[in-house]
Every structure is written in structure tokens, then in C-alpha cells.
Amino acid sequence: GESVGLHLPTLSVQEGDNSIINCAYSNSASDYFIWYKQESGKGPQFIIDIRSNMDKRQGQRVTVLLNKTVKHLSLQIAATQPGDSAVYFCAENGGAAGNKLTFGGGTRVLVKP
Amino acid sequence: DTGVSQDPRHKITKRGQNVTFRCDPISEHNRLYWYRQTLGQGPEFLTYFQNEAQLEKSRLLSDRFSAERPKGSFSTLEIQRTEQGDSAMYLCASSLPAGSEQYFGPGTRLTVT
Numbered sequence: 000g001e002s003v004g005l006h007l008p009t010l011s012v013q014e015g016d017n018s019i020i021n022c023a024y025s026n027s028a029s030d031y032f033i034w035y036k037q038e039s040g041k042g043p044q045f046i047i048d049i050r051s052n053m054d055k056r057q058g059q060r061v062t063v064l065l066n067k068t069v070k071h072l073s074l075q076i077a078a079t080q081p082g083d084s085a086v087y088f089c090a091e092n093g094g095a096a097g098n099k100l101t102f103g104g105g106t107r108v109l110v111k112p
Numbered sequence: 237d238t239g240v241s242q243d244p245r246h247k248i249t250k251r252g253q254n255v256t257f258r259c260d261p262i263s264e265h266n267r268l269y270w271y272r273q274t275l276g277q278g279p280e281f282l283t284y285f286q287n288e289a290q291l292e293k294s295r296l297l298s299d300r301f302s303a304e305r306p307k308g309s310f311s312t313l314e315i316q317r318t319e320q321g322d323s324a325m326y327l328c329a330s331s332l333p334a335g336s337e338q339y340f341g342p343g344t345r346l347t348v349t
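Going down the list, the protein sequences come from chains A and B.
Here the first sequence stands for residues 0 to 112, numbered as in my numbering.
Here the second sequence stands for residues 237 to 349, numbered as in my numbering.
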């Protein structure tokens with residue numbers, strides 16, 4: 000079936016460096032994508048979203064890039080901080096009216112001091 | 237703090253018992269979603285409500301599972317005759333109408349012994 004997946008299960012990054020987390024999706028009907036951050040024992044925390052009519056969106060220290068041609072989504076975190084250590088999930092809505100989300104398997108980001 | 241609350245945070249039950257979880261969404265959000273998350277995986281969609289109407293249920297939601305949102309505010313998720321395979325984190329999210337970001341609660345961790 001349609002799925003969302005991530006290329007790298009674990010990303011180790013030096014504090015202060017930039018992080019890039021990648022995600023491939025296969026449902027071409029998806030028109031809305033979200034990145035979530037999840038810390039141990041907590042629910043997913045919304046980071047940033049992007050609609051299919053855009054290819055880039057910036058937030059505070061984060062940028063999401065969408066390449067619909069190759070069905071690829073990425074999250075860039077600038078100047079990674081220890082508090083950024085968590086599991087990151089991309090999710091897509093499948094273009095469904097209900098906006099139910101399909102999540103990838105997650106990428107763990109470890110920030111080294 | 238996203239504003240979505242869930243109760244209880246943890247539940248340990250014996251196989252065969254019934255359990256009920258509660259979710260209180262952000263007050264102005266008319267959409268409410270239930271997801272299930274197992275260790276190391278992304279959340280999986282179970283069901284969602286728009287106001288008090290349950291509009292979609294996943295194939296994951298067997299007939300032992302039932303969800304309600306009687307007044308369009310809080311929601312309950314009941315699992316009857318629990319099985320060990322039901323052990324997971326049950327997450328609730330809420331949003332404004334379709335196309336809006338979903339905000340998650342902290343989850344209820346269920347352990348079936």
C-alpha cells in the first residue's frame with residue numbers, strides 16, 4: 000500500500016552543525032505534509048508543515064523542502080542544539096478529505112556536545 | 237504544552253479486561269483523531285471525528301474497539317477483552333477543519349499482561 004518512509008534511521012550530529020532529515024513518500028495524491036518531533040515518553044510535537052503547492056517553507060531554525068517530482072521531503076535544522084535530540088517523523092495526508100495522517104518509521108537525531 | 241490532554245497516562249491491565257481512555261482536545265478544535273503507536277514505529281491512524289460524528293475507522297480498529305465523542309468535545313476510546321497485542325501508546329490529536337495541523341496529546345501507554 001501507500002507508505003511514507005525515511006532513509007536514515009539514526010542521525011548523529013555535532014552541536015551547532017546543521018541537520019538534514021530525509022523522507023520519501025509514495026502516495027502522489029498527498030497534498031499536505033507535516034514534520035513532527037517526538038521525545039521519549041511524549042506525544043509528537045508539531046514542527047512545520049507544507050502544502051503541495053509549495054516547495055519550501057521556513058520556520059524558526061527549520062526549513063522543509065518538498066520535491067514532488069521525486070516524492071521527497073526533507074527537514075533541515077539549523078545550528079542543531081542538544082534539545083533537538085529526539086525522533087523525527089514525516090507524515091502525509093494521502094489527499095484524503097479527513098486529513099488522516101500516514102507516518103513514516105522515524106529518524107532518531109542524536110546531538111553530540 | 238499542546239493543550240490536548242489524555243487520561244490516564246499509563247494503564248496496566250490483565251488480558252481479557254476492558255479499558256477506557258479519555259481525550260480532551262483543544263477547545264476550539266472540531267476534529268479529533270485517535271492513533272496507535274508501537275515501540276519504534278510511527279503512529280497509525282485508528283479513527284477520527286468531526287464534531288460528534290465518527291467519519292472514518294481504520295481496518296486496525298477491530299470490533300473490540302469503540303470510540304465515542306458524544307457532545308463533540310471530549311472523546312473516549314474503549315477496548316474490550318484486551319489482548320497482549322493491544323499493548324501500545326494510544327495517541328489523541330485534534331485540529332481545526334481539514335488541512336490544518338494536528339496537535340497531539342501526551343498519549344496513554346497501555347500494557348496488557
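The C-beta atom is built at its ideal place from N, Cα and C for all residues, glycine as well.
In terms of CA proximity to G42(A), F88(A) leads the group N92(A), F88(A), L10(A), G94(A). Boundaries of the beta strand (DSSP E) around D243(B): 241 to 243. F285(B): member of the beta strand (DSSP E) spanning 280 to 286, first to last residue. Of the candidates R345(B), Q320(B), Q253(B), Y271(B), the residue whose Cα lies closest to the Cα of R295(B) is Y271(B). At a cut-off of 9 Å between C-beta atoms, Y24(A) does not count as an interface residue with respect to chain B. Under the three-state reduction of DSSP, D83(A) is assigned to helix.
Taken through DSSP and simplified to helix, strand or coil, D322(B) comes out as helix. Contact check for L313(B) against F301(B) passes: the beta carbons are separated by less than 9 Å.
Sequence-distant Cβ neighbours of Y31(A) in its own chain, meaning closer than 6 Å and more than five residues away, are R50, N92.
E14(A): not part of any beta strand (DSSP E); DSSP gives it neither H nor E. No Cβ of chain A is located within less than 9 Å of the beta carbon of S298(B).
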